[in-house]
Structures are given as structure tokens and as C-alpha cells.
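First to last, the sequence lines map onto chains A and B.
If you read the first sequence in the numbering used here, its first letter stands for residue 1, the second for the next number, and so on.
If you read the second sequence in the numbering used here, its first letter stands for residue 1001, the second for the next number, and so on.
Backbone N, C-alpha and C fix where the C-beta goes; we use that ideal spot for every residue, glycine too.
Following: one structure in C-alpha cells, then a few remarks.
2 protein chains.
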Amino acid sequence: MHAVVTGGAGFIGSHLTEELMRRGRQVTVLDDLSNGNRSNLASVASKITIVERDISRPYAELFEDTKVDELYSLACYPRQISFQNPRRDCEVNLIGTINGLDLARKKGAKMVYASNTGIVSNPKTVPVDETFSPNPLTPYDTHKLASEYLLRVYSKVHNIRSIVLRFATVYGPRQRVNEKLGWRPVIPEFASKLLRGMSPTIDGDGAQTRDFIFVKDIVSGVISAMESNSDEGDFFILGTNSETSIMDLYRMISETLGVRIVPSHGPRKPEEIARMRYDYSKACNRFGWTPKTTLAEGLRQTIEDLKHDYQNMKLS
Amino acid sequence: MHAVVTGGAGFIGSHLTEELMRRGRQVTVLDDLSNGNRSNLASVASKITIVERDISRPYAELFEDTKVDELYSLACYPRQISFQNPRRDCEVNLIGTINGLDLARKKGAKMVYASNTGIVSNPKTVPVDETFSPNPLTPYDTHKLASEYLLRVYSKVHNIRSIVLRFATVYGPRQRVNEKLGWRPVIPEFASKLLRGMSPTIDGDGAQTRDFIFVKDIVSGVISAMESNSDEGDFFILGTNSETSIMDLYRMISETLGVRIVPSHGPRKPEEIARMRYDYSKACNRFGWTPKTTLAEGLRQTIEDLKHDYQNMKLS
């Protein structure tokens, strides 16, 4: 069984690649290394193929003489910087999808597409499930939503098998701030500042909530979705049906690290979503998936990894 | 008052450009001439600026030293050929929108965006109004829908003034089959075949209906929308709230031409929409627009123009 993972050298992609290897797949990773890193794949590098490739360029040609059974489309341009370069966002997050559909069509592969719960912004109530109307707040949201529609179009018209997963806020080991890209996921951002004795900045008052989901739970959901019989471009939320405010998260990270620093507060961003909590029962009912890792346990593993990284940096 | 019209050398764009001139605007047309034609602007060519330009390349730089008050975004890649080149469709129909938003933002211009009623496909009832859920059937529909979302995102986050218009099936003088592109709008397709004594091909049984709207009615709607106080990316249907089957249309064209030929029937396309009839009361209520031209009268003018063209071709 041959699986192609776009963004496979990234944070989520590398965990997925490892798990696919563990389950006996042959894996090819496509990654332009703008946000991914070969070191994320150190443990499996000798057993997989890594191709440095921007998915906004057609890539079906790479597999002309190879069968492809599964396409995991994870490569993306980050939401946080989507307004800085909306054209690039469109190229990666939408034209990249068209290129994935091309490959899936040519190879008869099933495609899992990583979308985002942020497509439904500022809902009137939580938890949000799959019946809520989309309300994009950034070019990223718009292009992810368009990709979801496109998968259904190709399923209807060209019978391409696919499934869409809307991820909640994923965290875990290997997630890093990318200074060059300007990408600052909240947990590594807070923890790395605190480890350096600096005061992290919270957007607004920090009462906004997120549904944090551990990367290994996402990986199990992604593979369950691929192996399920849902293949008409239908979409499923992967979340935990719980919410944590940014202030509470800050306290948990600070306690886990044993570092006490008063955070600063910056302006609230207009595209900021107030509350995030996502009902995953559709995924649970359809392919028996539930998240297993508590935030406390996930944070422990995540911070362990960040501390390790920090200590290595100090030593080098 | 300076108006920029993308796709201004095209069928609808050229009628709009003429009307804007008539109303005293200074007009710059951007057109890559892939489907537009300089001859469409013959009557106003000496009084306007025509720039040959693909809107999928950023174009705000063209107007660095010029004020721009109005941006009419009409350039598009046609729905009919959207599956043949979905990447190109995305570049024109979505990245082109990003480039338009860039210009609108830099210049403080208001943007009118030409979208399409086909975004709502195969509704359970007709007439369709603005409350119906989108259900794209082609890459074209998907990219038009994404553009609509993007205009609202930019309105919310960057206060860009904009308005979206969903056109029904527009027809009128200057609409031509484009053999090179593979674009075959139904009225010129039928009429030009009949004029040549050939049998036109109808997709499926011809019972599918369209809401045909005359180009001059669209032009008045577009300008009314621009001049209205709706500027938060809201969307409005421009249709006639009536429907005509393709078979009935065929008979009307055949009678107007005085040519009787039995049509052929081809396979029905999967992206074909069964019924189209669009309620325009939101546009009527908000900016007082109603369509004025009957299909009989519009067809008369359209066929007059096609006959004229055909006779010129025969003479040359």
C-alpha cells in the first residue's frame, strides 16, 4: 500500500508518516520545507522517500510509473499569515488541492484533505458541529472551504474518492514557532518565551477559547477516515468537544514549566474567533474515532519536547 | 470619476464600458483578449484606455499614479470549460479577485464583482433567491463562491467596499461562440449553426430551463449596484424570475431566423443544472433595479446582430 503525504515533513505530517510506516505502508513525503523540516522525519528517513516539492505545482507526473493508493493532503499555508500573502495562500491551499485531485484521479487514490474548524467562525452557540454554516474570516478559511467544495465536485463529477477533516487546534511535539514565516502557534510560542524568561503576548484579554487536540489523536482520526467507507467528499470534525481559554492554557503551561511570568496583552485581531469547541460525534459514529489524550497529558509531552529542544540549543 | 472594468473588451464588459462612458465616467479596460475583442469597443476606443492584461497577475501597480473610484470585476474564465483547466479557472476567477481587492484597498475604490447564479445548483424549488445554500458543481462555481466569501472577508477586516452580483444567463449582441476557448453560449451557438444550415446539438432532452437576461438589463443592474449604498460584500441576484426551456428557446430562435432544422440531442452533462429561475426582489428592494427587456425583444436584437456578423463574414 503506497501512501503519499503532502506536508509530510511538517508537524502533523511527520507524526502521520511515522504512524503509516508503523502500519506497514510505503510512504512518499512531498514537502517544500517552508514550514516542515527533514529532522522531523529523522526516525524514518531511511525507509521513506522525501521529495522537496511545492504542491502548488502539479505533481501527478512524479508518480507516473508508481501506484498510489492513498493521498493525505496536509501541506498548507498557515492561517496566521494568510492576509500577508493571500495569493500564496490560494496557490497552496486551493491550487494545491486541484493538483492533489489530479493525482487522485489519475491513480484512483483516495484523498484525505486536512481542513480547518475555523471555517465556522464566531458561532452563536458551541459546540459547533458539521451543520453550522461556514463564515470565513481569512483568505485561508476561504481557500480551505473552497477546497472542501472542490472535493465534493470532483467526487460527484469524476467519482474521485475523498473525505474532508476539519481539525480543531492541533498541538504536540515538533510544533515550533517559525520566525521566518511569521507562524506562531500558541503553545510553542508561550512555552519558548517562558523558557527564555520572556513575557509572552496574549491577543486581547485571553478569554477566547480553543479546542486543543493532541497530534496523535489527529493522526489516528486521519487514518481512520482514510480507511473508512466514507468517500464522497463528506466532511468530519476532529475535535475534543471541550474548550480552554488562552489564559487557562497560559497558566497550565506556566505551571508545567514551573516558570512564573506575567504575560503582556496585545490588541485583539479582527479575524480572532471568540469560542472554539467542536462536537466530533459525526466522526465517532461514522468511523469510530474518539480523541484519547487529555490536555494535561498532551501538554506534558509537548513541553518535554520543547524543553529538550531548548536545552540542545543552549548546548550547541 | 474613474472606473476600471476588467473583462471590459468582452461581451458584457463592452456594453458596460459604453454605458459608463455615456454616463460621463473616465474608463480603463483591462482585458487579456482571450475571450474579449477590441472590436467590441470600436465605438468608444478613442475615448478610453485599453490595457491588454491578464488579471491573474497583480495589477494595482498599473494605477499607482491614478485615482480609481470604481472597479467593475467582470473578467472571468468560462464555466463551460472549467473542468478542462481548473488551475487556470482558479487563477482568473479567484486570484484575479484577490488582485482586484488589492487595487480596491490601495485606491479606496468600491468593487462590484460579477458572480453567477449557478453557484446554487439543482435547488428543490424555484425561484431561487439569496437564501438558498450554495452547491457548486464545477471548479468555476467553487472559485466564484470563494470570491464572494473573500469580498466579505476583506470588507470585514480591511473595510473594502464591495458588492457581489449573481448573474442569471446573460445574452445579447456581441456574445459569440469562441471556438478557440471551447466556449459555446447557447443562443449564438444555436443561431450560428442555424444560419449555416447545420443542426445544433441540444444537451439531453432540452427540458432544462434557463433564466435568460438581456445584457442591457445586466448593465443597468451593475451600475445601480455600484451606485447603491450596499458596500459590505453583500450579494444580489440579477435575473428575471422567469424560465425558458432550451427546447422553447430553440423554437424561438428558429422562428426569429425563419429557419427550420431538427436539432440533434447529445448526452446530458453531469454539471448541467435542471431548472434556473431567479428571484431578483432583493436587488429591486435595495437599489430599485428591475429587468426591462422581454426575451422576444432581446432575442430579436441579438439575432439581428448575429445575422449582421454572418453576412459580413460571407461578404469578406
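Are the beta-carbon atoms of B/Ser1056 and B/Ile1095 separated by less than 9 Å? yes
Where the stretch 1259 to 1270 of chain B meets chain A: residues whose CB sits under 8 Å from a CB there: Pro1270
Chain A partners of B/Lys1156, CB-CB under 8 Å? Leu137 and Pro270
Segment limits, alpha helix (DSSP H) that includes B/Ile1223: Val1215 to Glu1227
Going straight from the alpha carbon of B/Thr1290 to that of B/Val1222, what length do you get? 12 Å
If we count the other Cβ atoms within 10 Å of its Cβ and call it buried at 16 or more, is A/His158 buried or exposed? So A/His158 ends up on the exposed side.
If we require 4 or more residues per run, which alpha helix (DSSP H) segments fall completely within the stretch 135 to 177 of chain A? 139 to 158
Could you tell me the distance, in whole angstroms, from the CA atom of A/Lys110 to the CA atom of A/Val120? About 26 Å.
Euclidean distance between Cα positions of A/Glu17 and A/Val164: Residue identity differs from the one stated: residue 17 of chain A is Thr in this sequence, not Glu. A/Thr17 and A/Val164: Cα-Cα distance of roughly 18 Å.
What is the DSSP secondary structure of A/Ile273, reduced to helix, strand or coil? coil
Run of the alpha helix (DSSP H) containing A/Lys107, from where it starts to where it stops: Gly96 to Lys107
For B/His1143 and B/Lys1067, believed in contact at Cβ under 8 Å, the rounded distance: Actually they are not in contact, since the Cβ atoms of B/Lys1067 and B/His1143 sit about 29 Å apart, beyond 8 Å.
Suppose the cutoff is 7 Å on Cβ atoms and the five residues either side in sequence are ignored; what does the same chain contact list for B/Thr1256 look like? Leu1299, Arg1300 and Ile1303
Should A/Tyr140 and A/Asp89 be called a contact, given that it needs their Cβ atoms to be closer than 9 Å? Against a cut-off of 9 Å, the Cβ pair of A/Asp89 and A/Tyr140 comes out as a contact.
Below 8 Å on the Cβ atoms is my contact criterion, and I expect A/Ile98 with B/Pro1086 to pass it. Report the Cβ-Cβ distance as a whole number of Å. 5 Å
Pull up the CB-CB distance for A/Ala306 and A/Ser192, whole angstroms please, since I reckon it's below 8 Å. Ala is not the amino acid found at residue 306 of chain A; the sequence shown has Leu there. Going by Cβ atoms, the distance from A/Leu306 to A/Ser192 rounds to 6 Å, so yes, they are a contact pair.
Residue-chain proximity (B/Leu1145, chain A), Cβ-Cβ < 9 Å: Interface residue, yes.
Starting from A/Thr28, follow its DSSP beta bridges and name the residues at the other end. A/Val4 and A/Thr49
State buried or exposed for B/Arg1023, treating a residue as buried only when at least 16 other CB atoms are found within 10 Å of its CB. Counting Cβ neighbours within 10 Å, B/Arg1023 comes out exposed, since fewer than 16 surround it.
Using 10 angstroms around the beta-carbon of A/Gly266, count the other beta-carbons present and answer buried if the total reaches 16, otherwise exposed. exposed
Go through its chain and collect everything with a Cβ distance to A/Gln26's Cβ below 6 Å, but skip five positions before and after it. His2
Using DSSP with H/G/I as helix, E/B as strand and the rest coil, what is B/Ala1042? coil
Could you name the residues of chain B that A/Cys90 contacts, counting a contact when the two beta carbons are closer than 8 Å? Correct list: Cys1090, Leu1094, Ile1095 and Ile1098.
In the structure shown, what three-state DSSP assignment does B/Asn1312 receive? helix
Taking Cβ positions, are A/Thr28 and A/Gly8 nearer each other than 9 Å? yes
Any heavy atom of the ligand PLP closer than 8 Å to the CB of A/Glu70? No copy of the ligand PLP occurs in the structure displayed, which carries no ligand at all.
Do A/Val128 and A/Leu195 have their CB atoms nearer than 9 Å? No, these two residues do not count as a Cβ contact at 9 Å.
Starting from B/Leu1016, trace the alpha helix (DSSP H) in both directions and tell me its first and last residue. For B/Leu1016, the uninterrupted alpha helix (DSSP H) run begins and ends at Phe1011 to Arg1022, by DSSP.
How should B/Leu1145 be labelled, buried or exposed, when 16 other C-beta atoms within 10 angstroms of its C-beta is the threshold for buried? buried
Take B/Ala1104 as the anchor and find which of B/Arg1174, B/Thr1006 and B/Ser1264 has the nearest alpha-carbon. B/Thr1006
Looking only at C-alpha atoms, which of A/Tyr171, A/Ser73, A/Ala225 and A/Ser43 sits nearest to A/Asp54? When A/Tyr171, A/Ser73, A/Ala225 and A/Ser43 are compared, the shortest CA-CA separation from A/Asp54 is found for A/Ser73.
Over the uninterrupted beta strand (DSSP E) stretch that includes A/Asn85, give me the two end residues. Where A/Asn85 is concerned, there is no enclosing beta strand (DSSP E), given that its DSSP letter is neither H nor E.
Residues of chain A with a CB under 7 Å from the CB of B/Arg1087: which are they? Ile95 and Ile98
Is there a Cβ of chain A sitting closer than 9 Å to that of B/Val1153, yes or no? By this cut-off, B/Val1153 is an interface position.
What is the rounded straight-line gap between the Cα of A/Ala60 and the Cα of B/Leu1020? 46 Å
Are the CB atoms of A/Lys282 and A/Phe212 nearer to each other than 9 Å? no
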